[in-house]
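K.L.:
Residues 1 to 53 (full-length UniProt numbering) make up the sequence shown, in order. Don't be surprised by glycine CBs; every beta carbon is placed ideally from N, CA and C. Sharing a structure below in structure tokens format, with a few things to ask.
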Amino acid sequence: GLPTHRLVLKENMPIMLIRNINQEGLCNGARLIYYRFTRNQSKQQLLPASIQV
């Protein structure tokens with residue numbers, strides 16, 4: 001099996017989504033800023049530059 005792992009993110013750090021979460025929502029390459037973390041939840045904001053028309 002896989003060894004245990006941990007992803008460490010800092011608040012207000014820009015990240016890029018690399019796997020589709022929802023076919024009608026966020027998609028590969030979307031840039032986000034995570035700004036709040038709780039034990040089982042995170043709050044993020046989509047960066048305007050990543051919106052494609």
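Quick check for students: name the residue ranges of the beta strand (DSSP E) that lie wholly in the UniProt domain "DNA helicase Pif1-like 2B" (1 to 33), counting only runs of 3 or more.
P.N.:
Counting whole runs of 3 or more residues, the UniProt domain "DNA helicase Pif1-like 2B" (1 to 33) contains the beta strand (DSSP E) stretches 13 to 16.
K.L.:
Measuring CA to CA, which of Tyr34, Gln23, Asn40 and Arg39 is closest to Pro14?
P.N.:
Here residue 14 is taken as the residue at index 14 of the sequence shown, counted from 1. Ranking Tyr34, Gln23, Asn40 and Arg39 by Cα distance to Pro14 puts Tyr34 first.
K.L.:
Using 8 Å for Cβ pairs, my map puts Leu32 next to Leu47. What's the rounded Cβ distance?
P.N.:
Residue 32 sits at position 32 when you count from the first residue of the sequence shown. Residue 47 sits at position 47 when you count from the first residue of the sequence shown. With a Cβ gap of about 7 Å, Leu32 and Leu47 count as contacting.
K.L.:
Give the DSSP-derived three-state secondary structure of Leu47 in the structure shown.
P.N.:
Position 47 of the sequence shown, counted from the start, is the residue given in the question as residue 47. Looking at Leu47 - three-state DSSP - the assignment turns out to be coil, as it is neither helix nor strand.
K.L.:
Excluding the five sequence neighbours on either side, which residues of its own chain have a C-beta within less than 8 Å of the C-beta of Leu17, listed in chain order?
P.N.:
Counting from 1 along the sequence shown, the entry for residue 17 is found at position 17. Contacts found: Leu26, Cys27, Asn28, Gly29, Ala30, Arg31 and Leu32.
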